[in-house]
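K.L.:
Numbering (UniProt numbering), first residue to last: 1 to 302.
Glycine included, each C-beta is placed from N, C-alpha and C at the ideal position.
1. Closer than 6 Å by C-beta to residue 183: which residues in its own chain qualify, once you throw out the five before and the five after it? Chain order, please.
2. Can you tell me which residues form a DSSP beta bridge with residue 69?
3. From residue 25 to residue 174, what does the alpha carbon distance come to, in whole angstroms?
4. In the structure shown, what three-state DSSP assignment does residue 155 receive?
5. Is it right to say residue 190 is buried, meaning 16 or more other beta carbons lie within 10 angstroms of its own, or is it exposed?
6. What is the residue span of the beta strand (DSSP E) that residue 308 lies within?
7. Can you give me the Cβ contacts of residue 250 inside the same chain, cut-off strictly under 7 Å, excluding the 5 residues immediately before and after it?
8. Output yes or no for whether 9 Å exceeds the beta carbon distance between residue 215 and residue 193.
9. Give the range of the alpha helix (DSSP H) segment to which residue 120 is assigned.
10. Measuring CB to CB, does residue 80 end up less than 9 Å from residue 31?
11. Could you check whether residue 271 and residue 381 sit closer than 9 Å to each other, using their CB atoms as the reference points?
12. Can residue 202 and residue 57 be called in contact, C-beta distance under 9 Å?
13. Decide if residue 90 is buried, meaning its Cβ has at least 16 other Cβ atoms within 10 Å, or exposed.
14. Kindly indicate which residue of 177, 69, 13 and 19 has the alpha-carbon position closest to the one of residue 290.
15. Would you kindly report the start and end of the unbroken beta strand (DSSP E) that includes residue 185?
16. Can you tell me which residues form a DSSP beta bridge with residue 251?
17. What's the C-alpha gap between residue 209 and residue 46?
18. How long is the line joining the alpha carbons of residue 149 and residue 143, rounded to whole angstroms?
19. Can you give the Cα-Cα distance for residue 111 and residue 177, rounded to whole angstroms?
20. Going by C-alpha to C-alpha distance, which of 152, 42 and 121 sits closest to residue 181?
21. Using the three-state DSSP reduction, which class does residue 178 fall into: helix, strand or coil?
22. Let me know if residue 256 comes out buried or exposed under the rule of 16 or more other beta-carbons within 10 Å of its beta-carbon.
23. Spell out the partners DSSP gives residue 142 in its beta bridges.
24. Return the CA-CA distance between residue 6 and residue 283, expressed in angstroms with no decimal places.
25. Give the DSSP bridge partners of residue 288, in chain order.
26. Given this structure, state the Cα-to-Cα distance separating residue 65 from residue 230, to the nearest angstrom.
27. Just mark residue 40 as buried or exposed, buried being the case when its beta carbon has 16 or more other beta carbons within 10 Å.
28. Taking the Cβ atom as the reference point for each residue, do residue 73 and residue 238 lie within a distance shorter than 9 Å?
See below:
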């Protein structure tokens, strides 16, 4: 684990230490450093951590004036908050044209799509996750009139081919046929919620993160045998709240270094946990000063 850059720290709590990333992939990327790996946290502490993270994301949004903040984590001891600069004020889908696929963990998690996976392969992965305990396929769904045709509404209602791996009375989880690794799973609420998950009301966010925690446990205990399960909250492909869960399955070499990604001024349709190039210290120090002031204005509480 890399040392926490104290000169870039702007908030400390029992849940995490928040710093500007010294190697940002986009302006004002923030890294939260947790005392314990995210995937090991019990459900109450997991949801508490994500609720506090959402409040910090709101502060980051106001300070940077970014329209939205994404979250990406490999579920280890760090969470990345990534401002999505350059979005329009009204939601429009934004897709990265680059596709990737990795059979084993490449050293990072990414929201990029992969090539279409065959139905047979999806069925095989579904079987390895659910075994004989396949979901009952409850098709209860609540969508406003303008969202009735939304892809996720159609999936929840059972109108689309799908590979469901878990469900509750409030949420559904299914494999994406365009995953960039085996077992990439999407968690959605049965009722339409805004796709800006970190901006949801606390009650809706708590319910969704509770569902995410449950599905993480299902994937960790499955035949995929991941070391842990990464999490991405972005919401720029489908206008319906959703979380992407990425099984972290090591190859024969174990944990690997994924290298670095380039720096972009504006959102290009995907996010990842890869570090960017070294940031310019004068710019980092200026932004960390603004973030410290913003935290102080809130009384130091997040």
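P.N.:
Looking at the atomic coordinates:
1. 125, 224 and 247
2. 83
3. 29 Å
4. helix
5. buried
6. Nothing about residue 308 can be read from this structure; the chain reaches only from 1 to 302.
7. 104, 105 and 227
8. no
9. 119-130
10. yes
11. It is not possible to answer for residue 381, since the shown part of the chain is limited to 1 through 302.
12. no
13. Looking at its Cβ environment, which holds fewer than 16 other Cβ atoms inside 10 Å, residue 90 is exposed.
14. It is 19 whose Cα lies nearest to the Cα of residue 290.
15. 185-189
16. 254
17. 8 Å
18. Residue 149 and residue 143 have their C-alpha atoms spaced approximately 9 Å apart.
19. 14 Å
20. 121
21. coil
22. exposed
23. 191
24. 16 Å
25. None, per the DSSP bridge assignment.
26. 27 Å
27. Residue 40 should be labelled exposed.
28. no
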